[in-house]
Ligand SMILES: [Zn+2]
């Protein structure tokens with residue numbers, strides 16, 4: 158299990174960030190994917206932007222973007238009337254079970 162997966166399984170969404178390039182390395186890695194420099198592991202702020210969504214029965218699936226760069230696939234937990242791409246989401250919780258799981262709610 159990688160550090161990312163381990164933290165995620167404990168409801169901590171962390172990602173590597175290169176302090177030289179000042180950018181998030183996504184997918185997370187021990188080294189910067191631009192300069193190969195060392196990274197720091199930091200908590201990703203829990204607010205995200207809804208990029209796309211789809212509905213399957215009562216479940217809503219979404220692509221959400223953190224920090225204008227980190228895109229993840231997740232679900233939206235609350236009953237929803239209107240979802241609009243670009244609106245703000247809050248990461249409710251995350252975990253790891255073979256794949257990353259991200260659950261959002263409307264902010
Ligand atoms: Zn870098």
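Numbering (the numbering used here), first residue to last: 158 to 264. Quick reminder that beta carbons are idealized off the backbone N, C-alpha and C, glycines included.
For the putative contact between residue i and residue j, defined by C-beta atoms under 8 Å, what is the C-beta separation to the nearest angstrom?
i	j	result
residue 221	residue 231	6 Å
residue 172	residue 161	7 Å
residue 199	residue 253	Residue 199 to residue 253, Cβ: 18 Å. No contact.
Can you tell which of the options has its C-alpha closest to the C-alpha of residue i?
i	options	result
residue 242	251, 197 and 218	218
residue 158	186, 212 and 196	186
residue 247	239, 177, 234 and 238	234
residue 229	240, 238, 212 and 251	251
DSSP on residue i, reduced to helix/strand/coil?
i	result
residue 235	coil
residue 170	coil
residue 193	coil
Can you tell me the Cα-Cα spacing of residue i and residue j, whole angstroms?
i	j	result
residue 163	residue 184	15 Å
residue 205	residue 264	9 Å
residue 225	residue 214	29 Å
residue 207	residue 190	25 Å
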